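S.K.:
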Amino acid sequence: MATTIVYFVYGSTADNTAQLASGWHDVPLNSVGIAQAKQLGQTSIIQNFDVVFTSDLTRAV
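In the working numbering, the protein residues as written are 1139 to 1199.
Take a look at the structure:
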């Protein structure tokens, strides 16, 4: 039985727009990133995940 790994990246932040690397700094999503997250939520709701791992940074949650 094969294991499928699905990787989602967080949406846009002010640091991304300014071409800055956020690293471990807890930078929130900007309005574009919030819209991207909502769209991803709608897209991925039909998928069945056995386990989910996520960062505890605000932009990932």
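Backbone N, C-alpha and C define an ideal beta-carbon position, used for all residues, glycine too.
All values reported here derive from a predicted model rather than from experimental measurement.
Taking the alpha carbon of G1179 as the point to measure from, which residue in V1147, T1142 and T1141 has its own alpha carbon closest?
M.R.: Checked all of V1147, T1142 and T1141; the closest Cα to G1179 is V1147.
S.K.: By DSSP, does T1151 sit in helix, in strand, or in coil?
M.R.: strand
S.K.: Helix, strand or coil: which one does DSSP assign to L1158?
M.R.: coil
S.K.: Tell me the DSSP secondary structure of L1195 in three-state form.
M.R.: coil
S.K.: How long is the line joining the alpha carbons of I1143 and N1186, rounded to whole angstroms?
M.R.: One Cα belongs to I1143, the other to N1186, and the distance between them is close to 12 angstroms.
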